[in-house]
Amino acid sequence: MIVFLKKVRVKTIFSTFEPVVVEPLELFYLKSVLNNMNIENHVIDALFKLKEPSAVIPDVVVLTGYNVAENEIIKQAKYYKLRYPEVKVIVGGVHIQGNSDLFHSDAIDYVCHTQSLSTFKELINKIIMNNESPIAGVDYQKNNSTWNISNKVVLETKEFINPDRSFFNQYSHKLRYLEKRNVALIKGSIGCPYNCSYCYCKLLNNGNYIKANYKEIIDEMESIDADYFWIVDDVLFSSRSDALEFIELIKVKNLKKKIIGYLRADFILREKDLLPFLKEAGLIEIIVGFEATDNDELNKYQKATNALDYPEVITLLNIYDIDLTALFMVQPEYTLRDFMKLYRFIKNNNIDVYTVSILTPIKGTQDYNLLKDKLIVDNPEKFDFLHLVLKSRLPKWLFYMLFYGVHVRLLTSKRVWKYISRR
Ligand code: B12
Ligand code: SF4
90 MIVFLKKVRV KTIFSTFEPV VVEPLELFYL KSVLNNMNIE NHVIDALFKL
140 KEPSAVIPDV VVLTGYNVAE NEIIKQAKYY KLRYPEVKVI VGGVHIQGNS
190 DLFHSDAIDY VCHTQSLSTF KELINKIIMN NESPIAGVDY QKNNSTWNIS
240 NKVVLETKEF INPDRSFFNQ YSHKLRYLEK RNVALIKGSI GCPYNCSYCY
290 CKLLNNGNYI KANYKEIIDE MESIDADYFW IVDDVLFSSR SDALEFIELI
340 KVKNLKKKII GYLRADFILR EKDLLPFLKE AGLIEIIVGF EATDNDELNK
390 YQKATNALDY PEVITLLNIY DIDLTALFMV QPEYTLRDFM KLYRFIKNNN
440 IDVYTVSILT PIKGTQDYNL LKDKLIVDNP EKFDFLHLVL KSRLPKWLFY
490 MLFYGVHVRL LTSKRVWKYI SRR
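Shown next, in the form of structure tokens:
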């Protein structure tokens with residue numbers, strides 16, 4: 090059997106600048122499963138110019154991609170069916186996990202809406218055996234006509250499988266997080282224990298959060314020759330004991346690694362005495378979702394953080410020389426005053442690196458269902474957090490002018506210039 094594993098991408102404004110380029114780690118988990126089964130497989134990803142090998146005819150094509158690639162995934166499934174009439178097409182990944190019904194297309198055979206890699210293995214085995222019996226977590230097309238819908242599957246523990254890193258070893262020089270080069274991704278947890286109203290991540294694994302196993306993360310980091318490790322878990326630590334365990338494990342191993350991770354502002358403030366130890370353990374950059382500078386907005390988002398704490402959080406990270414990427418979100422209802430307030434907050438707190446997203450309801454979330462009648466566009470490619478998908482209070486041109494205006498201060502960032510000059 091031969092399997093193609095493909096990340097379907099669409100160009101967004103984000104991909105024009107490409108401040109972050111990382112390995113499509115999900116494909117390398119799937120690759121690892123196939124390698125263990127001794128199945129020939131080829132990773133295809135346009136970002137890295139990895140093309141289909143010309144003389145090879147696949148038996149299975151696996152397509153994955155984010156919300157913006159929703160239509161493109163279906164389009165590519167059709168393309169592969171035409172090109173290889175016998176091929177079986179499987180789709181899966183985070184967007185599909187929460188929106189399986191959108192992929193019940195003629196050109197797709199299996200819709201994997203579980204995170205489970207053992208389910209993926211089982212599915213491949215069934216395809217090999219030509220066995221049509223149902224699998225939990227996978228919808229499939231029966232006799233090319235009706236869809237057999239499976240119940241949702243919840244993973245209770247993380248499966249122990251490490252992704253294949255052969256790609257990383259070959260392409261690490263191309264991988265970056267802004268000015269930081271040679272960055273490997275690490276996934277430890279699944280989902281998020283918090284409940285911010287707009288967020289898609291908390292819905293993953295059907296809302297069932299699985300905490301990271303820090304020992305496994307650290308063992309994995311130890312085996313990879315990277316300068317930086319971006320642990321992409323939605324929250325690196327949700328309790329003090331998590332952080333203490335992490336610090337202790339790194340200390341015992343005497344591991345010297347540079348780590349980027351996500352932490353919430355309330356955690357940083359509450360556990361501020363741990364910051365020097367976390368820095369010592371290798372945490373050199375923290376990504377913090379501040380979202381808004383106003384508590385009314387934060388309450389609306391059920392963010393459960395206090396905007397009045399944010400300046401102290403920024404100062405603390407400065408004191409301990411931990412880089413910050415601050416994440417903000419603007420709403421379509423924003424007025425000139427709201428944009429100015431955000432701009433002033435960024436300026437007054439000397440925030441060097443930040444991103445600003447436009448509040449965008451993502452399919453699968455409750456926000457999306459509430460707001461879907463008010464959407465002004467339905468093209469998934471526009472749901473990249475950089476386009477208005479809901480009507481703005483300000484005229485569109487003025488909204489975008491202010492939205493891009495807020496980004497201007499990034500040009501004063503040394504880190505951004507380092508990134509630009511390296512490109
Ligand atoms: C790092 C990251 C990125 C990286 C890319 C990472 C990558 N792997 O290529 C960068 C920074 C480039 C990026 C960009 C974007 N991202 Co992003 N990103 C993330 C983040 C933080 C982690 C993703 C990751 O790499 N995880 C590690 C991998 C290994 O985990 P995984 O994808 O879940 O895969 C596991 C399982 O799901 C499963 N699996 C995955 N695929 C498949 C397929 C099959 C068949 C099977 C069986 C199983 C399976 O196996 C894996 C092993 O456990 C997530 C947040 C999150 N919680 O997921 C957002 C997230 C995925 N991003 C998101 C979005 C929207 C984007 C952007 C479109 C917009 C933006 N401005 O950020 C752009 C896309 C640009 C483009 N041109 O496509 C959304 C996606 C929502 C959705 N419904 O699709 C998320 C969930 C965040 C959010 N805001 O909600 N992102
Ligand atoms: S925004 Fe962050 S903290 Fe809130 S639910 Fe999503 S991932 Fe969790």
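At the far end of the sequence shown sits residue 512, using this note's numbering, and the numbering has no gaps. Every residue, glycine too, gets a C-beta built ideally from N, C-alpha and C. Since the model is a prediction, treat every value here as computed from it, not as a measurement.
Our two residues, residue 363 and residue 95, have alpha carbons roughly 41 Å apart in a direct line. Not one heavy atom of the ligand B12 lies closer than 6 Å to the C-beta of residue 401.
Contact between residue 294 and residue 277 does not hold, since their C-beta atoms are separated by about 14 Å, which reaches or exceeds 8 Å. In its chain, beyond the 5 residues on either side, 357, 361 and 364 have a beta carbon closer than 7 Å to the beta carbon of residue 405.
The segment 432-496 is shown to contain whole alpha helix (DSSP H) runs of 4 or more residues at 455-460 and 485-495, in chain order. Secondary structure note for residue 177: its beta strand (DSSP E) is the uninterrupted segment 177-181. Between residue 336 and residue 381, the C-beta spacing is not below 7 Å.
At the C-beta level, residue 322 and residue 354 stay beyond 7 Å of one another. When distances are taken from the beta-carbon of residue 453 to the heavy atoms of the ligand SF4, even the shortest one reaches 6 Å or more.
The beta carbon of residue 182 lies closer than 7 Å to those of 115, 153 and 154 in the same chain, with the five residues before and after it left out. Taking C-beta atoms as the reference points, residue 396 and residue 383 count as a pair closer than 7 Å.
Taking a C-beta distance under 7 Å as the contact criterion, residue 338 and residue 421 do not qualify as a contact pair. Counting only residues of its own chain and dropping the five nearest sequence neighbours on each side, residue 398 has a CB closer than 8 Å to the CB of 354, 355 and 358. Taking a contact as a CB-CB distance under 8 Å, the pair residue 236 and residue 193 counts as one, their CB atoms being some 5 Å apart. Linking residue 255 to residue 457 through their CA atoms gives a straight-line distance of about 39 Å. When the five nearest sequence neighbours on each side are left out, the beta carbons in the same chain lying within less than 8 Å of the beta carbon of residue 92 are those of 123, 128, 129, 130, 131, 147, 148, 149, 150, 151 and 213, in order along the chain. Secondary structure note for residue 169: its alpha helix (DSSP H) is the uninterrupted segment 159-172.
Residue nearest to residue 226 within the set 308, 375, 461 and 207 is 207 (criterion: CA-CA distance).
Cβ atoms of residue 103 and residue 413 stay farther apart than 8 Å, at about 20 Å. DSSP assignment within the segment 194-253 yields the following whole alpha helix (DSSP H) runs of 4 residues or more, N-terminal first: 206-218. Boundaries around residue 130 are those of the beta strand (DSSP E), 129-133, since no alpha helix (DSSP H) includes it. Restricted to the segment 279-316, not a single beta strand (DSSP E) segment is unbroken, complete and at least 3 residues in length. One thing to note: residue 178 has its Cβ no nearer than 7 Å to the Cβ of residue 162. Burial check for residue 145: the Cβ neighbour count within 10 Å stays below 16, so the residue is exposed.
Cβ neighbours of residue 372 within its own chain (closer than 7 Å, five residues either side excluded): 348, 350 and 411.
According to DSSP, residue 404 shares a beta bridge with no other residue. In this structure, the C-beta of residue 201 approaches the ligand B12 to less than 6 Å from one of its heavy atoms. The criterion of a C-beta distance shorter than 7 Å is satisfied by residue 325 and residue 352. By the neighbour-count criterion, in which a residue is buried when 16 or more other Cβ atoms sit within 10 angstroms of its Cβ, residue 453 is buried. Bounds of any alpha helix (DSSP H) do not take in residue 377; it lies within the beta strand (DSSP E) bounded by 372-380. Counting C-beta pairs with one atom in each stretch, the segment 220-234 and the segment 259-277 have fewer than three that are closer than 8 Å, which means they do not touch. By the criterion of a C-beta distance shorter than 8 Å, residue 90 is surrounded in its chain by 128, 129, 148, 149, 213, 216 and 217, once the five residues flanking it on both sides are discounted. In the three-state reduction of the DSSP assignment, residue 275 falls in the strand class. Going by DSSP, residue 412 is part of no alpha helix (DSSP H) but of the beta strand (DSSP E) stretching over 412-419. With respect to the 7 Å criterion, residue 415 and residue 366 are not classified as neighbours on the basis of their beta carbons. Exclusion of residue 285 from the 6 Å shell around the ligand B12 follows from its C-beta lying no nearer than that to any non-hydrogen atom of the ligand.
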